[in-house]
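A quick write-up on the structure given underneath.
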Amino acid sequence: MSDILLAFIFTLFAGLATGVGSMLAFFAKTTNTKFLSFALGLSAGVMIYVSMIEIFFKAKDSLTGALGQTEGYWLTVISFFAGMLVIGLIDKLIPKYTNPHEIKKVEDMEKSGTQVQNPELMKMGVFTALALGIHNFPEGIATFVSTLQDPAVGLAIAIAVAIHNIPEGIAVSVPIYYATGDKKKAFRLSFLSGLAEPVGALVAFLFLMPFLSDVMFGVIFAMVAGIMIFISLDELLPAAKKYDEAHLSIYGVMTGMAVMAVSLLLLA
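What the sequence shown shows, in full-length UniProt numbering, is residues 1 to 268, in sequence order.
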């Protein structure tokens, strides 16, 4: 299997996890907050470890090899913080009430009976789906480019992104179902918002691949590291702590880091 096809498969897998969140919202009766806290912590642990230990230094090696030690290292650091800035601006421009990282519980589905055809909630759900699509777009580029460079790193990022897309699928589904009482419509919009990730991969393939020199790769990889760190610190860890019990979120972080470390050692 070619690396390009593998990169598309990993990105599609990560994106479709939003649909899993929708199905959980429809078929589960309660939110397993212990599992959610641990899983979000695990996702953050994977992202933080792979970004700071693997991706950042791959970017640095690529850039210093092409530009020299001083210029390459400076560009690595600038690109790292540029990635944080990009995802931070995306978060800033999206209204808080439509932010897909405002986690909702499965139990919220039970309230839907009294709110059918609520246009404000429908608008909120649609905008949440759009917001999620915007968030997923750079994550799709990150997963695609990472897989091309190192399939092991790409798989780790795809799994971490998939885990954090599950509660985002719930965040899209709840207000839409709450507004319309239509499970199919809620699932469809949640599913479509996740497809922004493979669209991001397609954009990377069409527009970045022709220019993927050592410098371009290094800049993109350093930005990916910044994006992943921002997502972990701003979204995953606060969400994990929100439902934390007995330090489960930090155990999840430690487990994610350990799994990532062992995986990279075995696949080295």
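C-beta atoms are modelled at their ideal positions from N, C-alpha and C, and glycine is treated no differently.
In this text the structure is predicted, and so the values were computed from the model without any measurement.
Proximity below 8 Å, CB of residue i to CB of residue j
i	j	result
Gly-19	Gly-133	no
Ser-263	Ala-156	yes
Ala-44	Gly-181	no
residue 272	Val-161	Here the chain has residues from 1 to 268 only, and residue 272 is not among them.
Tyr-49	Ala-261	yes
Tyr-243	Leu-42	no
Pro-198	Phe-38	no
Ala-131	Leu-192	no
Lys-185	Ile-176	yes
Same chain, Cβ closer than 6 Å to residue i, neighbours up to 5 away in sequence not counted
i	result
Val-215	Ala-66
Gly-218	Ala-59, Ser-62, Leu-63
Phe-137	Ala-196, Gly-200
Val-253	Gly-41, Ala-44, Gly-45
Ser-79	Val-219, Ala-222, Met-223
Leu-266	none
residue 269	Because the chain spans 1 through 268 in this model, residue 269 falls outside it and cannot be assessed.
Ala-258	none
Met-47	Ala-160, Met-228, Ser-232
Nearest to residue i (by Cα), restricted to the options the options
i	options	result
Gly-169	Asp-91, Val-50, Leu-189	Leu-189
Phe-230	Thr-76, Phe-137, Ala-82	Ala-82
Leu-40	Tyr-251, Met-260, Val-262, Leu-264	Tyr-251
Phe-56	Leu-233, Met-260, Gly-226	Gly-226
Leu-6	Ala-158, Met-84, Leu-42	Ala-158
Ser-22	Ser-173, Leu-93, Val-86	Ser-173
Leu-12	Leu-202, Ala-240, Tyr-243	Leu-202
Phe-204	Leu-192, Glu-245, Ile-220	Here residue 204 turns out to be Ala, not Phe, going by the sequence shown. It is Ile-220 whose Cα lies nearest to the Cα of Ala-204.
His-164	Gln-69, Leu-265, Glu-71, Leu-236	Leu-236
Leu-16	Thr-33, Pro-167, Glu-71, Val-224	Pro-167
Phe-211	Val-145, Met-228, Ala-171	Val-145
Leu-89	Ala-258, Glu-245, Asp-234, Ala-171	Asp-234
Ser-232	Lys-185, Ile-141, Ser-51	Ser-51
Ile-141	Pro-238, Ala-258, Ala-222, Val-259	Ala-222
His-135	Val-259, Ala-258, Met-228	Met-228
Ala-14	Ser-213, Val-259, Gln-69, Glu-139	Glu-139
Same chain, Cβ closer than 7 Å to residue i, neighbours up to 5 away in sequence not counted
i	result
Asp-3	Thr-147, Leu-148, Pro-151
Phe-10	Thr-143, Thr-147, Gly-154, Leu-155, Ala-158
Thr-114	With a pLDDT of 43 at Thr-114, under the threshold of 50, the modelled position of this residue cannot be trusted, and the question is left open.
Tyr-73	Lys-60, Thr-64
Ile-87	Pro-138, Ile-227, Phe-230, Ile-231
Glu-54	Val-153, Leu-264
Same chain, Cβ closer than 8 Å to residue i, five either side skipped, listed in chain order
i	result
Leu-24	Val-106, Ile-166, Gly-169, Ile-170
Glu-245	Thr-33, Lys-34, Ser-37
Leu-208	Ile-141, Val-145, Met-216, Ile-220
Phe-187	Gly-19, Ser-22, Met-23, Phe-26, Ser-173
Ser-213	Ala-66
Proximity test, residue i beta-carbon vs the ligand GTP heavy atom, cut-off 7 Å
i	result
Ala-240	As presented, the structure is devoid of all ligands, the ligand GTP included, so that no description of it is given.
Practice task
May I have a chain-ordered list of the alpha helix (DSSP H) segments no shorter than 4 residues that lie completely inside the region 190-260?
Solution key: 196-203, 214-231, 237-242
Exercise for the section: Give, in chain order, every unbroken run of the alpha helix (DSSP H) that is at least 4 residues long and sits entirely within the region 49-94. Expected result: 56-67, 69-93
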